[in-house]
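Residue -8 is where the sequence shown starts when you use the working numbering, and the numbers rise one by one after that. Glycine included, C-beta positions come from ideal geometry on N, C-alpha and C. All figures in this text were calculated on a predicted structure; none of them were measured in a lab.
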Amino acid sequence: MTDASRSIKDRLYAQVARMGKAISSPKRLELIEILCQGEKTVEQLAADAQISVKLASAHLKELRQAQLVEARRDGKYVHYRVASHAVGDFWVALRTLAEDRLVELQLALAQLAEHSDELSPLAPEELLARAARGEVVVIDVRPREEYDTGHLPHAQSMPLDELRARIRELPRRKPVVAYCRGPFCLWGKEALALLREEGLRASRLQTGVAEWRAAGLPLVSPDQ
């Protein structure tokens, strides 16, 4: 291999390595997962990730430099979004690989499902079919603006902070399946506890919209 060819090859790997550098922070991964739900301001992202606005801005700068996120200014606010759905697919693939290879992650996820009946036993296609027939109620416990950006077919928006006040809207004779942002999201677990406390037959879906999109499953969104 000539020196020129070696130099080109090194540059190619170096460009791909920029992605690894950009996602090397746990908080940056969390910000990507949040942005998979829809566009957010820096202030919203900082609040969701429980970090300062200054630190959120610094992380977002790194993600922008790697072309993983984009930004737009609206007055005094800067809104961020993932650069494309491929970024969400990347996050899902990376998390899935980590879950497959890292025992520590498997154990941590197992702690989120302390009881075997917490998770929905229905495969995605069966869940869609039963929801379409009205045999099961699917609720999205994310914030309303995330639901409006994209949600599972036949799902009702019922944000976690509204759930207790609106729980009478749910039929008591049908099973309820709750979902949120994905496997790492705790809102689904909180919703499950509340639903069962009220005597409803409930379970939670581990996957969220990013996982459904990555799997090629249908979603409802304004651009459809």
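Rounded straight-line distance, which links the Cα of A5 to that of L185
So the two alpha carbons sit approximately 49 Å from each other.
C-alpha distance - E53 paired with M149, whole-angstrom precision:
So the two alpha carbons sit approximately 34 Å from each other.
Starting from the N-terminal side, write out each stretch of the beta strand (DSSP E) that is 3 residues or longer and does not extend beyond the segment 169 to 212.
Here the runs fully enclosed are 193 to 195.
Does the Cβ of K31 have 16 or more other Cβ atoms within 10 Å, making it buried, or fewer, making it exposed?
Its Cβ being crowded by 16 or more others within 10 Å, K31 is buried.
Report buried or exposed for Y170, applying the criterion of at least 16 other Cβ atoms within 10 angstroms of its Cβ.
Burial call: buried.
Under 8 Å between the Cβ atoms of I158 and E136?
Cβ distance not < 8 Å, so I158 and E136 don't count as in contact.
Option in S15, L196 and R164 with minimal Cα separation from L85:
Its Cα nearest to that of L85, the residue S15 stands out among S15, L196 and R164.
Burial state of D91 (16 or more Cβ within 10 Å):
Exposed: under 16 other Cβ atoms inside 10 Å.
Measure how close the beta-carbons of L51 and L22 come, nearest whole angstrom, since I'm counting them as under 8 Å.
Yes, L51 and L22 are in contact; Cβ-Cβ is about 7 Å, under 8 Å.
Span separating the alpha-carbon of G141 from that of I130
In this structure, the straight-line span from the alpha carbon of G141 to that of I130 is close to 13 Å.
What does the Cβ neighbour count give for S194, buried or exposed, with the cut at 16 atoms within 10 Å?
S194 is buried by the Cβ-count criterion.
Classify I25: buried if its beta carbon has 16 or more other beta carbons within 10 angstroms, exposed otherwise.
Burial call: buried.
Would G66 be called buried (16 or more neighbouring beta carbons within 10 Å of its own) or exposed?
With fewer than 16 other Cβ atoms inside 10 Å of its own Cβ, G66 counts as exposed.
Are at least three pairs of beta-carbons, each pair with one atom in the segment 191 to 210 and one in the segment 72 to 83, less than 8 Å apart?
The way I'd put it, the segment 191 to 210 does touch the segment 72 to 83; three or more beta-carbon pairs between them come closer than 8 Å.
For E34, tell me which candidate among A101, P213 and V69 has the shortest Cα-Cα distance.
Of A101, P213 and V69, the residue nearest in Cα terms is V69.
Integer-rounded CB distance, given that L191 should sit under 8 Å from V167:
Separation of the CB atoms of V167 and L191 is rounded to 5 Å, and the pair is thereby assigned contact status at 8 Å.
Measure from the alpha carbon of A104 to the alpha carbon of each residue in S(-4), E181, V7 and S(-2), then state which is nearest.
Relative to the Cα of A104, the nearest Cα in the group S(-4), E181, V7 and S(-2) belongs to E181.
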